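These notes concern the structure reproduced below.
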Amino acid sequence: MSDNHHLTACPDCDLLIDLPPVPLDYNAVCPRCGHVLYEAHADSVLRGLALSASGLLLFPLAMFLPIMTLSRMGLIHAGTIFDGIYKLFSSGYWVMGLMVLVCAVLAPLIDLLLMFFITSLIRLKKKTPYLKTMMRTLHHIRDWAMLEVLMMGIMVSLVKLKDMATLEFGAGLMCMVMTLLCAILSQIMVNNHELWEQIEALSTNDYSDDKNIAGMMAYDNH
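Okay, so the sequence shown: first residue is 0 according to numbering that gives the first Met the number 0, each after it adds one.
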């Protein structure tokens with residue numbers, strides 16, 4: 000097996016595959032079941048950095064700006080995401096409120112933060128032992144990030160309330176849509192395999208530098 004090949008297991012059928020380098024804009028497909036193993040995108044690090052930074056800028060606006068304004072019989076009420084979470088807790092729905100807080104706020108925020116720090120460190124070629132831990136955490140936290148489920152809940156509420164009152168879309172809804180797009184595109188357009196390769200390259204360079212320093216010290220002692 001060549002040094003630039005990597006053994007990988009297909010997540011669908013568990014076939015162990017000797018994965019060669021994949022040209023840009025091509026996909027590596029499992030020969031047994033057809034599952035896409037690897038999508039070679041150009042500038043995954045830069046894309047991840049741009050999308051995560053944009054998502055982080057939009058996230059607080061999506062959480063604290065009004066999602067919609069409801070008018071009925073002269074009464075006007077504007078609601079935000081955090082208003083809804085507070086209402087769940089204050090109404091005694093602790094479990095549901097906690098689930099919304101974790102899956103729709105904390106997990107997506109941690110997802111964007113991890114992607115931003117990982118791509119920033121790789122871009123700056125900063126060697127840190129925490130990069131691998133952050134990548135593993137990013138993989139697991141995405142199972143809990145359900146910003147799209149919250150967006151679907153908002154859309155269902157808009158459909159049900161449109162015949163009961165006058166609705167006006169707020170700036171928070173637009174920021175929510177843009178944040179969701181940034182989160183989705185960061186998973187589609189960023190190749191995690193390439194990120195792992197960049198982290199491995201940083202670790203290899205770090206190991207080579209240590210060997211060179213040790214060799215120079217041994218030479219000086221002689």
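Glycine residues also receive a C-beta, built at the ideal position from the N, C-alpha and C atoms. The model shown is predicted, which means the values in this text are computed figures rather than measured ones.
Using DSSP bridges, identify the partner residues of Val28.
-> Val35
DSSP state of Ala49 mapped onto helix, strand, coil | helix
Look at the alpha carbon of Gln64 and the alpha carbon of Ala170, and state the distance between them as a whole number of angstroms.
-> Per the sequence presented here, residue 64 reads as Leu, with Gln not at that position. Computed Cα separation, rounded: 6 Å.
Quick one, which of Ala103, Ile84, Leu6, Trp195 has its alpha-carbon nearest Thr132's?
-> Trp195
Among all the DSSP beta bridges, which residues are the ones paired with Phe168?
-> Met67
Proximity to Arg31 [Cα-Cα], best of Asp11, Lys86, Leu105, Phe115 | Asp11
Hey, would you say Arg71 sits closer than 8 Å to Ala164, going by beta carbons?
-> yes
Which residues in the same chain have their Cβ closer than 7 Å to the Cβ of Pro107, if we skip the five residues on either side of it in sequence?
-> Ala144, Leu146, Ala182
Just to confirm, are Arg141 and Leu48 a CB contact at a threshold of 8 Å?
-> no
Any idea if Met151 is buried or exposed, counting beta-carbon neighbours within 10 angstroms, 16 or more meaning buried?
-> exposed
To the nearest angstrom, report how far apart Ser51 and Ala103 are at their CA atoms.
-> 16 Å
Alpha-carbon to alpha-carbon, Met67 and Ile80 = 10 Å
Between His40 and the rest of its own chain, which residues show a CB-CB distance below 8 Å, the 5 nearest in sequence each way excluded?
-> Leu23, Asp24, Arg46, Met188, Val189, Asn190, Glu193
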